[in-house]
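Asker:
Residue numbers (the UniProt record's numbering): 1 to 494.
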């Protein structure tokens, strides 16, 4: 079942309903951008069409889109990597100063969710990006005054207001006509009134009401309407603990979040509930979902691919579950507001560098199996070997295994892994410690013999310390060279 909010997303600004004033202001901003070079912030309640308007604008102007949203890491480095370079570069189609084409529209969603304490310089990076951009930038925010003064002062403001019921009805009518479904006007008015202000929610309610029916009647709205109270934690319970695959999939359509955001939530929380083989199966489905969400952005924003992502992240993950579960699960905060994303990136980078993989292969193919094999640090020997090979700290071991970072078990595994790495360095160094020390002593004896008695007064403890430091550096270099030549492997630690 394709999500109607994506199938009928506006492709041009003329199709954006209910915010004519904001739509016209956005168009004027884009057409005169070369004169003022200002970024713009679009703000308003969820579901009123802010992000859709930004993408529709880019389509109208013939601009490429570079998007950084809540699914991305909000560090200064990530913002520079994904949006900073794009904001300063011109495209092959044209330069910054020629007409309206050949530009890239940088879209940063959830700009009101960037915080100093979570994002390690993210807010300063955005402010710097706005000041130095050579490309048009759109910031998206639900709460305008949750943004910092610096961000608000650096960008032009355009407010998107709640969409009135009168503006919602024509949208619902057009959708049903395109779907070939008959309807009673009173039914559409009821849906519009119940969702007054939120066009996206109204479309979702319409789809739930019309599902499997040749006609939408007024009496269907009460029984067929979606439950608008469904939140993210309820969705997670449905997918990870309670509902069969088909019902979990329907619940996904009842959440006012995009599939790529839902993917981040499920990926972040699945290890809190699943374990063993069911966790491995769930990661397979999440890997598939990641492929489909990525395809949206590599096919010029063909959002029809999102339905396959939703199938996998909701229905697939629910089907991977061995049994239903009750009780309460402490899911914690949003994935992009925790340190788990940065820890994950560090683990993935270590896997990629060690194995010679791409970051994508490390994240989608290798990490899930490491997590399944070492879930809750069992077996312990394998977990120690993994931590030693990839040089993981407590946070990284906790992330991969799903165990508590501060537990004695994790801390002891990291300590044992450190000893294992030290032993491996010595083994690969061979006699480097002894031979190097002997050579240095001979060099000191021959080369310093004529320096007089002053050199003889140096304490032996200083000489020993200098020699040991040099020896350790050489031994480490030898060990790294051995690894580069393929002489070391995970089996060395087992």
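Note that the Cβ used here is the ideal one computed from N, Cα and C, for glycine as well.
According to DSSP, is residue 141 helix, strand or coil?
Answerer: strand
Asker: Smallest Cα separation from residue 368: which of 384, 351, 381, 356?
Answerer: 351
Asker: Would you call residue 214 buried or exposed, if buried means 16 or more other Cβ atoms sit within 10 Å of its Cβ?
Answerer: exposed
Asker: From the DSSP output, in three-state form, read off residue 392 for me.
Answerer: coil
Asker: Have a look at residue 99 and residue 62 and give me their C-alpha separation to the nearest angstrom.
Answerer: With a pLDDT of 44 at residue 99, under the threshold of 50, the predicted position of this residue should be treated as unreliable, and no value is reported.
Asker: Measure how close the beta-carbons of residue 65 and residue 155 come, nearest whole angstrom, since I'm counting them as under 8 Å.
Answerer: Not confirmed; about 18 Å, so no contact.
Asker: Checking 8 Å against the spacing of the C-beta atoms, do residue 240 and residue 313 come in under that value?
Answerer: The answer is no: Cβ separation not under 8 Å.
Asker: Report all residues from its chain with a CB closer than 8 Å to the CB of residue 460; omit the five preceding and five following residues, and keep chain order.
Answerer: Model confidence at residue 460 stands at a pLDDT of 41, short of 50, so the residue's coordinates are unreliable and nothing is read from them.
Asker: Whose C-beta lies closer than 8 Å to the C-beta of residue 299 among residues of the same chain, with five residues either side of it excluded?
Answerer: 305
Asker: What's the call for residue 36, buried or exposed, on a 16-neighbour Cβ count within 10 Å?
Answerer: With fewer than 16 Cβ atoms within 10 Å of its Cβ, residue 36 is classed as exposed.
Asker: Nearest by alpha-carbon distance to residue 179: which of 3, 377, 136 is it?
Answerer: 3
Asker: Shortest alpha-carbon distance to residue 198 belongs to which of 285, 108, 283, 47?
Answerer: The candidate whose alpha carbon is nearest that of residue 198 is 47.
Asker: What's the C-alpha gap between residue 280 and residue 271?
Answerer: 10 Å
Asker: With contact counted as at least three CB pairs below 8 Å, one residue from each stretch, are the segment 167 to 177 and the segment 22 to 31 in contact?
Answerer: no
Asker: Does the distance from the CB of residue 158 to the CB of residue 111 come in under 8 Å?
Answerer: no
Asker: For residue 181, which residues of its own chain have a beta-carbon under 8 Å away from its beta-carbon, when the five flanking residues on both sides are left out?
Answerer: 210, 213, 214, 215, 216
Asker: Taking only three categories from DSSP, how would you classify residue 183?
Answerer: strand
Asker: Rounded to whole angstroms, what's the CA-CA distance from residue 231 to residue 202? Just pull it up for me.
Answerer: Residue 231 and residue 202: Cα-Cα distance of roughly 16 Å.
Asker: How about residue 320 and residue 289: do their beta carbons lie closer than 8 Å?
Answerer: no
Asker: Mind checking whether residue 43 and residue 160 have CB atoms under 8 Å apart?
Answerer: yes
Asker: What is the rounded straight-line gap between the Cα of residue 326 and the Cα of residue 408?
Answerer: If you take the alpha carbons of residue 326 and residue 408, they lie about 28 Å apart.
Asker: Would residue 21 be called buried (16 or more neighbouring beta carbons within 10 Å of its own) or exposed?
Answerer: exposed
Asker: Mapping DSSP to helix, strand and coil, what is residue 344?
Answerer: helix
Asker: Whole angstroms are fine: how far does the CA of residue 311 sit from the CA of residue 166?
Answerer: Looking at the two C-alpha atoms, the distance is approximately 33 Å.
Asker: Assign residue 324 to one of two classes, buried (16 or more other C-beta atoms within 10 Å of its C-beta) or exposed (fewer than that).
Answerer: Counting of Cβ neighbours within 10 angstroms places residue 324 among the exposed residues, the total staying below 16.
Asker: Is residue 281 helix, strand or coil when you go by DSSP?
Answerer: Of the three classes helix, strand and coil, the one that applies to residue 281 here is helix, per DSSP.
Asker: By the 10 Å Cβ neighbour count, where 16 or more other Cβ atoms means buried, how is residue 8 classified, buried or exposed?
Answerer: Buried, since its Cβ has 16 or more Cβ neighbours within 10 Å.
Asker: Sorted by chain position, which residues of the same chain lie with C-beta nearer than 7 Å to residue 52's C-beta, five sequence neighbours on each side aside?
Answerer: 9, 10, 16
Asker: Pull up the distance between the alpha-carbon of residue 348 and that of residue 19, whole angstroms please.
Answerer: 43 Å
Asker: Given a cut-off of 8 Å, decide if residue 318 and residue 269 are closer than it, judged by their beta-carbon atoms.
Answerer: No, they are not a contact pair.
Asker: Quick one: what's got a C-beta closer than 6 Å to residue 366's C-beta in the same chain, skipping five residues either side?
Answerer: 351
Asker: Taking only the alpha-carbon atoms, compute the straight-line gap between residue 415 and residue 273 and give it to the nearest angstrom.
Answerer: 27 Å
Asker: Determine, using beta carbons only, whether residue 12 and residue 58 come nearer to each other than 8 Å.
Answerer: When the beta-carbon positions are compared, residue 12 and residue 58 stay at least 8 Å from each other.
Asker: Alpha helix (DSSP H) containing residue 23: first to last residue?
Answerer: Its alpha helix (DSSP H) spans residues 20 to 31.
Asker: Could you tell me the distance, in whole angstroms, from the CA atom of residue 265 to the CA atom of residue 420?
Answerer: 35 Å
Asker: Taking the alpha helix (DSSP H) that residue 41 belongs to, which residues open and close that run?
Answerer: From DSSP, residue 41 is part of no alpha helix (DSSP H) but of the beta strand (DSSP E) over 40 to 43.
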